[in-house]
Amino acid sequence: MPWRNLGYEVYKKEKGEEMFKKKIEEFEKPVAPPGFFSQSKIAYDTTKLKLLFGTKVLIKGQRGTHPVGVGAEGIATIVSNPKIPPCEFFTPGRSYPVCLRHSTIQSVDDVLIDFCGGSIRFSGSDDMESPFDLLMGTGETTPLWSAQAIFDAVKAKISNDLKTYLLIGPDHLKANIGGLRQKPESFYDQRYYSEVIFDFKAFDGVKRYVRFRMMPADGRPETGLLSEEVQQRPWINERSPDETLPMDYLKREYRERISKGPLDYKLQLQLHEPKDDDVPWILHVGRAWDEQTHPWLDLADIKVTSLLSPTATERLKFIFLNLPTSIGLLPAVSVDDPNVVLHIRNEVYVWSQKLRKNRSNKLVPEHLASYFIRVETGSQSGAGTDASISISLTGTKGKTDLIKLDNWGNDFERGDVDEYMVEAMDVGKVLMVHLHNDHGGWWYKNPDWLVNKISVISSTQDEPFEFPCYRWVLSDLVVFEGKAILPFQEQPAAVKSQRSLEVRNRQELYKWGNNEEFKFLPGYLQAETPADIPRDSQFSDEARGTFKDNQRKAAIDLGLTYLSSLFDSWDNFDDFEKILHRACDGGVPKIVENDRWMTDKVFGSMFLNGVNPNVIRRCEKLPSNFPVTEEMVKKFLDRGKTLHDEMKAGYVYIVDYKVLEGIPVKEGNHSAQPLGLFYVNKSGDLVPIAIQLLQQPSNTNPIWTPSDSQYDWLLAKMWLRYADNTIQQTRSHLLETHLVMEAFAVAVWRQLPSIHPVFQLLFPHLRSVMAINKLIKDGAIEKNEPAKQFLKKSYHTFKLSTLSLPKGLNERGLDDPDKLPKFYYRDDALRLWSAITTFIKEVITLYYKSDDDVTKDVELQAWIKDFNENGLPVREGDYDHEVPSALQTRDQLINLLTSVVFTCSCQHAAVNFGLLDVSGFIPFTPSMMRKPPPTKKNQTSLKTILETLPSKSQSLKQIALFYVLTRFAEDERFIGDMTHSLLTGDEEDAAMSRFQTALHEISDSIKARNKSLELPYIFLLPERIPDSIGV
1 MPWRNLGYEV YKKEKGEEMF KKKIEEFEKP VAPPGFFSQS KIAYDTTKLK
51 LLFGTKVLIK GQRGTHPVGV GAEGIATIVS NPKIPPCEFF TPGRSYPVCL
101 RHSTIQSVDD VLIDFCGGSI RFSGSDDMES PFDLLMGTGE TTPLWSAQAI
151 FDAVKAKISN DLKTYLLIGP DHLKANIGGL RQKPESFYDQ RYYSEVIFDF
201 KAFDGVKRYV RFRMMPADGR PETGLLSEEV QQRPWINERS PDETLPMDYL
251 KREYRERISK GPLDYKLQLQ LHEPKDDDVP WILHVGRAWD EQTHPWLDLA
301 DIKVTSLLSP TATERLKFIF LNLPTSIGLL PAVSVDDPNV VLHIRNEVYV
351 WSQKLRKNRS NKLVPEHLAS YFIRVETGSQ SGAGTDASIS ISLTGTKGKT
401 DLIKLDNWGN DFERGDVDEY MVEAMDVGKV LMVHLHNDHG GWWYKNPDWL
451 VNKISVISST QDEPFEFPCY RWVLSDLVVF EGKAILPFQE QPAAVKSQRS
501 LEVRNRQELY KWGNNEEFKF LPGYLQAETP ADIPRDSQFS DEARGTFKDN
551 QRKAAIDLGL TYLSSLFDSW DNFDDFEKIL HRACDGGVPK IVENDRWMTD
601 KVFGSMFLNG VNPNVIRRCE KLPSNFPVTE EMVKKFLDRG KTLHDEMKAG
651 YVYIVDYKVL EGIPVKEGNH SAQPLGLFYV NKSGDLVPIA IQLLQQPSNT
701 NPIWTPSDSQ YDWLLAKMWL RYADNTIQQT RSHLLETHLV MEAFAVAVWR
751 QLPSIHPVFQ LLFPHLRSVM AINKLIKDGA IEKNEPAKQF LKKSYHTFKL
801 STLSLPKGLN ERGLDDPDKL PKFYYRDDAL RLWSAITTFI KEVITLYYKS
851 DDDVTKDVEL QAWIKDFNEN GLPVREGDYD HEVPSALQTR DQLINLLTSV
901 VFTCSCQHAA VNFGLLDVSG FIPFTPSMMR KPPPTKKNQT SLKTILETLP
951 SKSQSLKQIA LFYVLTRFAE DERFIGDMTH SLLTGDEEDA AMSRFQTALH
1001 EISDSIKARN KSLELPYIFL LPERIPDSIG V
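Set out below in structure tokens:
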């Protein structure tokens, strides 16, 4: 009776039919297309796996897998008439020297249930290079089909929880059962399958894929296949007390077998030509190809003649990338793509081989340990150093002396990874690393050094230690091992002391500002010049430059410097359009195309989906100072109802710029404090129906409507946009994102040590805000009296709850999509808010198990107290800013952190990066008005409008500024990017991965919606949202 794989049946019995069907559906789904995090996630997982496998190499001096093997040498001859398309390398009759290595995958005890491996190297044992290495194992399919699958296998090995591991899914269980062997008679009688699918490149150029198999030439039966009884419980894997076979019986048997004469194998292959009706999993290594449609074809006869010594066997290298030109790797598009396994395993294997080679074989005294230290220098300009760098390790058993890190050549170059093998005191579990920079090197080079990450592997510890840093080492820096710890949790005395010292030192560096010029602002960092900002909070070289310098450079880059000395008016609207071409890569914003900007539909949409969606609100009753009558607007209400009924039904909205009253303007500029009334028509479009330019109604302050002349109505809309731009730039953008977030940042750096989870969570979001705000304060606020007065007035009434998106939308009556459709900012922002909340909740609940944990976290309470007293202080005349003096619950903390992360990333992106698209066309959104508001109807002409709009030189300043503000920095990092995250741990990684998936789904849904929009809303595409405020 032929052997049968019971994997599916066993899974159903253990997990049930419903779960079985669910897992099968998940498995058979097509691999998702690559996302914007795919490559960084592959790199991140590869590095983690390198460290995990490197630990085993350093401790035992063995390969990460296939630890002890038996090797032999012989000849492979391509069959004389291969039934495959002609190709290079596999030439009929051609012979190659080969080396073969057999081993079990994990265990050194051949008796235990394990996979068997058979790898071929198409070169002799003395040859350094090989044209083709083929790594194979038992089982038609493999359970290692994603990065996560490798992690699962590693975790199962560490935890010894094989049952949970094997029952991950039905195909996973089936692949394991198909490949596991229990006491086979010989390595020789097994079938070995390539664990990846390759690209097959024949001379005819037809697209094909290939799998390989090696088997005994005589086709003898395969032994060791799991019995039906064992298949029911394959997770039970122990040596019987009565077992008499030696632990290395398979290797002994193979040596004895080959001593009696040559061993003959056949190397075979399967080919697949892609078809339109291929199933989605046709290239999935977890499913075999049907042998009826994909027969195994003989490729080569292998005759193994000579046994290799143990030393020669261990010296054999098998590298996945050693492939002939006729065989190619399939690209890995994500960590879930089965092809990623080969790429990861290759890097891990090559790195492990290097580690084994460099590992000292001399006996290390008991009081010493061998340490492998991996140092990653930052990639931004100026990150490297020529200074001498030393390191000491602090652990549970003590602390080493400073150890100089020095390899041959240049160490610590920008973007490089340097690796060191040292011997030092065995400190046990490594808790902290102390980095020392001697500030040496060449006199003309800055010796400061930016460290991304330190990784340490100890020969006495079972797991690697990671020290994420992403900070500058100016002289000395202590970095904690990555896993966050709350102050009241059990921790070594050395860690507790260092976290207190780190906070005290930070409080000397990050002091609250006391400049009289800015006493009306939220709390800020004390720094006389940008260079006085602590190095960790300064701009990167890629993002340096003052606003004026950047504007001048932008004018030069755009070829518009000739405008700087022209103070006359423009001749027509087309002239404004022409100067936008260079700023917009030869085109113009969509609102400018075909004069869309003149339409009421586009005008209204920009109050929802422009760069200032924060002012409009539902109007349930007209203000007494805005006497819009039924007669004025009746013809624009297309449902046949009165204005009162439309307001009651929720279709009328209003903007009111009363806050601009009393605010002076610069010489040559004029101001208004308009009100605008909007209506949602039956088509779902928000359109303006009435505008009043000043707050107090009078004969010289008429209400303008679409019934007025073309230029009267157009100029009224320009004044409304001008006021909105003033609010947007100063309050919505500068105050409510930049300045408030700086107050949070200063308090975070002053009160939370780097080992605190809240510091680690907020770290990527607060990195540049102090630097950019210093430039703003010095260049745009200090000598700008109108801006000062407006900021002071706005801060008086600011409430922390302003940062809560759902609350703000609800309070302004904007949260009903039936009443206010086509509000894409709201829709996208709420999805992002939800994703951020979920991520933060998952992280926070890992550390804070109850509300009581929040209240007894003294560092957290010191942070919110400092923010309350110095970040958003209530000064004379201020409203209560609603900042709590203490945090009481996890929900309160989660909501606060969500507000910070959302504001630093999403909200700032929404109000900033669309400026050129929305406000770059000056007639649509002027930044100044050279004539006062009109007082009478039917007196406006095109000439009047052009004389009111900014002059040519003023237009240059507006375009150059918005061009600068909407550029992403060269080293920009976007929301969800985990490459510079301080958070460390499997559960934290899983939470981040789920967050990235959510962001990718949001991106896909936005793009799908935008396809049908005349004006796509792109400002909240996750891949366009920087994770911090840097401009």
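Everything in the sequence shown is counted per the UniProt record's numbering, starting at 1 for the first residue and increasing by one. Here a beta-carbon is modelled for each residue, glycine too, at the ideal position from N, C-alpha and C.
Beta-ladder partner(s) of residue i, from DSSP
i	result
Lys-856	Note: Lys-856 sits in no beta bridge, so no partner.
Leu-1020	Answer is none; Leu-1020 lacks a bridge partner.
residue 1038	For residue 1038 there is no data in the structure shown, the boundaries of the chain being 1 and 1031.
Val-473	Trp-449
Ser-103	Gly-69 and Gly-117
Arg-731	Paired residue(s): none; Arg-731 is not in a bridge.
Val-478	His-434
Gly-398	Gly-395
Ser-455	Arg-374 and Glu-466
Leu-405	Ile-389
Glu-508	Answer by DSSP bridge pairing: none, since Glu-508 is not bridged.
Other residues of its chain near residue i: CB distance less than 7 Å, five sequence neighbours each side excluded
i	result
Ala-991	Phe-839, Glu-842 and Val-843
Chain-order list of residues whose beta-carbon lies under 8 Å from that of residue i (same chain, five-residue window excluded)
i	result
Asn-725	Asn-612, Ser-919, Thr-925, Pro-926 and Ser-927
Ser-475	His-436, Asn-437 and His-439
Thr-903	Glu-736, Thr-737, Val-740, Met-741 and Leu-803
Gly-286	Phe-27, Thr-141, Thr-142, Pro-143, Trp-145, Asp-171, His-172, Ala-175 and Pro-338
Residue i (DSSP reduced to helix, strand or coil)
i	result
Val-375	strand
Trp-296	coil
Ala-76	strand
Val-665	coil
residue 1053	The chain is shown only over 1 to 1031; residue 1053 falls outside these bounds and no answer can be derived.
Asn-725	helix
Gly-7	helix
Asn-437	strand
Ser-123	coil
Gly-137	strand
residue 1034	Given that the chain is displayed from residue 1 to residue 1031, the structure contains no residue 1034 and the question cannot be resolved.
Ser-671	coil
residue 1035	The structure shown does not extend to residue 1035, since the chain spans only 1 to 1031, so no value can be given for it.
Met-992	helix
Ile-654	strand
Test item: CB-CB of residue i and residue j under 8 Å
i	j	result
Phe-636	Ile-654	no
Lys-183	Gly-118	no
Leu-368	Ile-391	no
Ser-334	Ala-32	yes
Leu-180	Ile-120	no
Gly-71	Ala-312	yes
Gly-676	Ile-691	yes
Ser-352	Phe-53	yes
Ala-156	Tyr-165	yes
Leu-766	Ser-953	no
residue 1042	Leu-431	Examination of residue 1042 is not possible in this model, given that the chain is present from 1 through 1031 alone.
Val-854	Gln-888	yes
Tyr-825	Ala-583	no
Pro-1026	Phe-974	yes
Residue-level contact to chain C via CB, residue i, 8 Å cutoff
i	result
Lys-12	Here there is only one protein chain, and chain C is not present.
Heavy atom of the ligand ZN within 7 Å of residue i beta-carbon
i	result
Leu-316	Because no ligand of any kind appears in the structure shown, any question about the ligand ZN cannot be addressed here.
Cβ neighbours of residue i in the same chain (closer than 6 Å, five flanking residues each side left out)
i	result
Asp-133	Arg-121, Phe-318, Ile-319 and Asn-322
Val-911	Val-611, Ser-732 and His-733
Leu-100	Ala-72, Ile-120 and Val-304
I'd like the ranges of any alpha helix (DSSP H) spanning at least 4 consecutive residues and lying wholly in the stretch 602 to 637.
For the stretch 602 to 637, the full-length alpha helix (DSSP H) segments reaching 4 residues or more read 630 to 633 along the chain.
What runs of the beta strand (DSSP E), each 3 residues or longer, lie entirely inside the stretch 255 to 338?
Listed in chain order, the complete beta strand (DSSP E) runs (minimum 3 residues) inside the stretch 255 to 338 are 263 to 272 and 297 to 307.
Unbroken alpha helix (DSSP H) runs of length 4 or more, entirely within the stretch 160 to 243: which are they?
162 to 166, 170 to 179 and 228 to 232
Length at least 4, wholly inside the stretch 776 to 805: the alpha helix (DSSP H) runs in chain order
Fully enclosed alpha helix (DSSP H) runs of 4 or longer: 785 to 797.
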